[in-house]
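*Asks:* Counting from 1 along the first sequence, just add 10 to a position and that's the residue number in this note's numbering.
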Amino acid sequence: MPELPEVEVVKRSLAKKIQNLIIKKVKINDDKLRFRVNKKKILKLEGLRLKGIERRSKFLIFFFDESYLMLVHLGMTGKFFFVNKSKKIHKTSFYYNIDKKKDRKHDHIIFFLEKKQKLIYNDVRKFGFIKIIKLDDFKSNIHLKYLGPEPLKKNYNFKYFKKYIKGKKRPVKNLLMDQKFVSGLGNIYVNEVLYLSGVKPMRKVKNLKNTEIKKIILFTKKILRDAIKFGGSSIKDFSTIYGKKGTFQQHFRVYGKKGEKCSNTDCNKSIIKINISNRGTFYCSRCQK
DNA sequence: AGGCATGTTACAGG
DNA sequence: ACCTGTAACATGCC
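#1: Excluding the 5 residues preceding and the 5 following M86 in the sequence, name in chain order all residues of the same chain whose CB lies nearer than 7 angstroms to its CB.
#2: Give the range of the beta strand (DSSP E) segment to which N285 is assigned.
#3: Please specify which runs of the beta strand (DSSP E), each continuous and at least 3 residues long, are wholly inside the region 66–97, giving them in chain order.
#4: Quick one: using the 10 Å Cβ neighbour count with 16 as the cut-off for buried, is F168 buried or exposed?
#5: Three-state secondary structure (DSSP) at T250?
#6: Of all the options Y166, K126, I281 and R289, which has the alpha carbon lying nearest to the alpha carbon of R296?
#7: Tell me whether N48 sits in a helix, a strand or coil according to DSSP, three-state version.
#8: Helix, strand or coil: how does DSSP classify D117 here?
#9: Tell me whether L60 sits in a helix, a strand or coil according to DSSP, three-state version.
#10: Can you give the Cα-Cα distance for G241 and L53, rounded to whole angstroms?
#11: Using DSSP's beta-bridge definition, name the partner residues of I143.
#12: Around the C-beta of H261, are 16 or more other C-beta atoms found within 10 angstroms, so that it is buried, or is it exposed?
#13: Can you give the Cα-Cα distance for L228 and K126, rounded to whole angstroms?
#14: For R289, which three-state DSSP category applies?
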């Protein structure tokens with residue numbers, strides 16, 4: 011499910027639950043994730059204590075003793091589940107029922123922790139990945155070094171935006187999705203940001219007015235903060251009682267709302283869906299200029 | 001049956 | 001060399 015808010019929510023719950031625990035054993039059920047899991051490296055985590063977890067963009071970074079880091083990207087469907095001795099799933103992530111074979115089929119990596127507790131990495135589509143790196147290689151890591159600023163930080167601002175778009179002519183939606191420009195936004199939140207900013211997704215960045223740029227920046231920060239507050243967005247309606255659902259999907263104004271009435275009370279248009287770069291793009295033709 | 005899906009990236013083409 | 005868009009990855013759901 012993961013764009014920045016979802017990854018942040020996962021990070022917080024993970025940190026609360028498994029901080030300072032020792033990894034007793036690592037089991038690999040399937041190493042064919044987005045990149046093959048390096049068995050030799052991941053086994054080095056056995057016996058190490060988890061010192062902390064951080065988020066950068068949509069990445070989770072687990073810090074261990076001995077200067078080892080575990081870099082995790084959840085892709086489209088990657089999830090962590092925490093399981094304790096009585097098999098109760100702690101509310102670490104979203105939908106999953108450990109008693110359902112269908113769900114367990116996608117448990118690819120299992121970390122056995124102290125006190126018979128487990129952390130499971132489950133990923134239906136296997137677009138996520140797990141890499142073990144040394145602290146020294148952290149800054150130069152290929153996945154991290156080209157990332158743009160965190161959208162919630164101060165360096166994502168008007169000045170940066172203006173400078174970056176100089177000479178560029180791509181659609182504003184593609185720009186916002188580009189992790190090199192700003193890191194952490196995905197398709198859902200970009201659709202929402204552009205609706206609130208009153209800007210059509212296909213507008214070329216060179217034609218954006220300064221007032222529009224300012225709105226885009228402000229609403230980006232607002233939406234992400236709100237989404238985190240609501241526990242992220244959970245799109246699909248699974249039936250398990252385990253796992254915590256975010257509720258920010260209830261606040262979507264355009265994403266997935268094709269044909270529905272624009273939420274602006276003085277507008278009688280319906281939300282349109284088009285494709286931009288193979289991604290579902292939702293907008294209101296009246297409220298977005 | 002076919003289209004669609006919250007992400008990234010290798011590659012092709014301008 | 002740079003910029004941009006597309007296809008591919010794996011699986012399940014509607």
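By construction, the Cβ of each residue, glycine as well, lies at the ideal position given by its N, Cα and C atoms.
*Replies:* In short:
#1: R135 and F137
#2: I282 to I286
#3: 69–74, 78–83 and 88–93
#4: exposed
#5: Because the pLDDT of T250 is 45, which lies under 50, any placement of that residue in the model is unreliable, and the number read from its coordinates should be weighed accordingly. Correct three-state label for T250: coil.
#6: I281
#7: coil
#8: strand
#9: strand
#10: 32 angstroms
#11: L79
#12: exposed
#13: 45 angstroms
#14: strand
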